[in-house]
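Numbering (the working numbering), first residue to last: 1247 to 1371. What follows is a short report on a single structure.
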């Protein structure tokens, strides 16, 4: 799938959070087109933040979205470090507890956006 936003050069006043929300919205739309139901976008709590939470079949899916203009600074999925994975897991545990999800099977996915290309990595960690 091609990303509808043009790459924006980094300049004074460049708002990373706004751009992050834009690409998370693109990822959400892409996942919905693939059949996932998006339940939450930008879920935040004291434990951390999860970009997207969705449901695909019987699975509750926690999704990390990473974007890079190009591969000069590495590929987007490489930015989901072990430390980042631990934060996401901790936040997911809190989500499951606070929403009384019980014994629902869960999965952690990554949506990697490099330039205009989207790659969905199921069960990434």
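For each residue, glycine too, the CB sits at the ideal point set by N, CA and C.
{"query": "Quick check: what's the CA-CA separation for residue 1338 versus residue 1304?", "result": "16 Å"}
{"query": "Rounded to a whole number of angstroms, what is the C-alpha to C-alpha distance between residue 1283 and residue 1302?", "result": "7 Å"}
{"query": "Report yes if the CB atom of residue 1285 is closer than 9 Å to the CB atom of residue 1352, and no otherwise.", "result": "no"}
{"query": "Take the Cβ of residue 1300 as the centre, count every other Cβ of all protein chains shown within 10 Å, and call the residue buried at 16 or more, exposed below.", "result": "buried"}
{"query": "Below 8 Å on the Cβ atoms is my guess for residue 1291 versus residue 1340; work out the distance and round it to an integer in Å.", "result": "5 Å"}
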